[in-house]
Amino acid sequence: MSSVRAQWLVTVAGVAFALTAFFSGLDRVTAHQPNDERLIPSPFRVEADRVAASLHLLAGDTSQADAAARRAILADPVDARGAAFLGAAAYQAGKPARGESAMKVAARLSPREPLSRAALAAHSMERGNVDAAAGHFDTLLRVQPAASELEALFAMMEASAAGRAELARRLDGQSLWSDAYLRAEGQQASVLRERARFLASGADTIGLSCARVEPLVRELAKRNLRADAQDLLAAYCVNPESNLLLIDPGFERLGEEALFGWRRHRSGDVRISAIGEEDRHVELSNRTSVTRLVLSQPVALEAGEYRAFASVSGENADALLVSLDCGVPSRPGQGGGSLGRGQLLQAPDCEDQVFGIWLRPEKGAVSLDNVRLEPVGRADQSNRP
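In the working numbering, the protein residues as written are -14 to 370.
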């Protein structure tokens, strides 16, 4: 990581602290009435100097931030915040060596001072000292588990092989790290995608449960990042040996409030019933005069040809048709042949693919089980539901 990145990091951290300090008691008075600072007794004026330093950092006024930080240090030399603001001002002025020295002083004065811990973690990552960086990061997580600078520090760890290995180890064994890493609220879509991909790629070594990743999966799906959501779901919530392109092919979870899986399209004349417990299947009937959509499921497939298969029984085993579309299922043509022998489909290139199962009218009850998709003319895709 470059010194420019470190400078940016501590500036962001200074801004976060500034906004917090701005709205606290005496600091708020001096911020709104700077001319009254002279009326404040000197033991309390240090608070005004800290606020001034943070606000000058926010405004990009490096010299004023430096001066205010120095006044705060002279008034209260054992408080780590003055040294931390002095370091932030040095970074902002393009003096990273001086900034790092000030941050080290701040960390010695208070091991829990968050601004200095963020800066020292960044420097350790820059030098390839992942263990030291993780130690600083761990302290920061304990002090401010929702701090804004965590995003940048996680990104730094993701950027190197050693950092990724240490991040995976920490996520596997420490809920403090995983709580912060899995927090989806307020995060940019690009950040969520990177984290989902990192988690999916490291599922063999990161021991997170399905329940732990589900909030992130839901947020990805909510933002229409369906492929990333389903990859993450497949990595932590689906049997890795199943190699399925569809979730719940045997309808064991039909009717449950599942994020992905089958959606039933029922009406008064269309009946969809799950039958059995151990050997479960679904029974379908359509008493209308038109072909009706009965089941659908969001999918994330590579564009190309697929063949759909299923175990079908009943008076008219060829009464079922399937479709692959973007967004909303479209009624397929009347051809297609028996689903038991396979129906050919073309997967479109889009991020909102949906697989649909349709039932022709007035064909009696049909029993359906073991629905699956297989790519045509190429090797099987990796485990993606």
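We put the CB at the ideal spot given by N, CA and C, even for glycine.
If we ignore side chains and look at the alpha-carbon of each, how far apart do residue i and residue j end up?
i: residue -1; j: residue 331; result: Any reading at residue -1 is ruled out, since the residue's pLDDT is 47, under 50, leaving its predicted position unreliable.
i: residue 50; j: residue 78; result: 10 Å
i: residue 359; j: residue 291; result: 5 Å
i: residue 220; j: residue 122; result: 27 Å
i: residue 175; j: residue 284; result: 21 Å
i: residue 135; j: residue 269; result: 51 Å
i: residue 52; j: residue 185; result: 48 Å
i: residue 312; j: residue 340; result: 10 Å
i: residue 325; j: residue 343; result: 14 Å
i: residue 298; j: residue 236; result: 15 Å
i: residue 178; j: residue 206; result: 11 Å
i: residue 9; j: residue 333; result: Legend: pLDDT at residue 9 = 36, less than 50; position of this residue unreliable, no value from coordinates given.
i: residue 145; j: residue 280; result: 44 Å
i: residue 41; j: residue 54; result: 10 Å
i: residue 218; j: residue 195; result: 7 Å
i: residue 238; j: residue 183; result: 28 Å
i: residue 361; j: residue 289; result: 8 Å
i: residue 154; j: residue 89; result: 27 Å
i: residue 189; j: residue 142; result: 19 Å
i: residue 48; j: residue 35; result: 14 Å
i: residue 6; j: residue 278; result: Bear in mind that a pLDDT of 38 at residue 6, under 50, signals an unreliable position, so the number given afterwards is only what the model happens to contain. Cα to Cα, the separation comes out at about 58 Å.
i: residue 15; j: residue 75; result: Below a pLDDT of 50, predicted positions are generally treated as unreliable, and residue 15, at 43, falls in that range; no measurement from the model is reported.
i: residue 167; j: residue 151; result: 16 Å
i: residue 39; j: residue 286; result: 50 Å
i: residue 139; j: residue 129; result: 14 Å
i: residue 265; j: residue 356; result: 12 Å
i: residue 97; j: residue 87; result: 15 Å
i: residue 317; j: residue 170; result: 39 Å
i: residue 114; j: residue 73; result: 22 Å
i: residue 61; j: residue 214; result: 50 Å
i: residue 216; j: residue 208; result: 15 Å
i: residue 304; j: residue 345; result: 5 Å
i: residue 257; j: residue 192; result: 37 Å
i: residue 19; j: residue 44; result: For residue 19, the predicted model reports a pLDDT of 48, less than 50, meaning its position is unreliable; a value from the coordinates is still stated below. Looking at the two C-alpha atoms, the distance is approximately 16 Å.
Please name the residue or residues paired with residue i in a DSSP beta bridge.
i: residue 338; result: 311
i: residue 266; result: 260
i: residue 352; result: 268, 298
i: residue 357; result: 294
i: residue 331; result: 290
i: residue 306; result: 343
The alpha helix (DSSP H) with residue i in it runs from where to where?
i: residue 111; result: 99 to 111
i: residue 49; result: 47 to 60
i: residue 66; result: 65 to 77
i: residue 127; result: 115 to 128
i: residue 94; result: 81 to 94
i: residue 140; result: 135 to 143
Applying the 10 Å Cβ sphere with the 16-neighbour rule, what's the burial state of residue i?
i: residue 99; result: buried
i: residue 275; result: exposed
i: residue 372; result: Outside the modelled stretch of the chain, which goes from -14 to 370, sits residue 372, for which no answer is possible.
i: residue 310; result: buried
i: residue 63; result: exposed
i: residue 351; result: buried
i: residue 85; result: buried
i: residue 371; result: A query on residue 371 cannot be resolved here, the shown segment of the chain reaching from -14 to 370 and no further.
i: residue 336; result: exposed
i: residue 202; result: buried
i: residue 349; result: exposed
i: residue 260; result: exposed
i: residue 300; result: exposed
i: residue 59; result: exposed
i: residue 148; result: buried
i: residue 161; result: exposed
i: residue 273; result: exposed
i: residue 30; result: buried
i: residue 315; result: exposed
i: residue 308; result: buried
i: residue 251; result: exposed
Following the continuous beta strand (DSSP E) through residue i, name the residue where it begins and the one where it ends.
i: residue 161; result: Where residue 161 is concerned, there is no enclosing beta strand (DSSP E), although the alpha helix (DSSP H) it sits in stretches over 160 to 166.
i: residue 180; result: Note, residue 180: premise wrong, no beta strand (DSSP E); alpha helix (DSSP H) at 174 to 186.
i: residue 281; result: 277 to 283
Under the criterion of a Cβ to heavy atom distance below 8 Å, does residue i qualify as lining the ligand NAP?
i: residue 362; result: For the structure depicted, the ligand NAP is absent and the ligand set is empty, with no information on it obtainable.
Entirely enclosed alpha helix (DSSP H) segments - the region 195 to 255, minimum 4 residues: 195 to 207, 211 to 222
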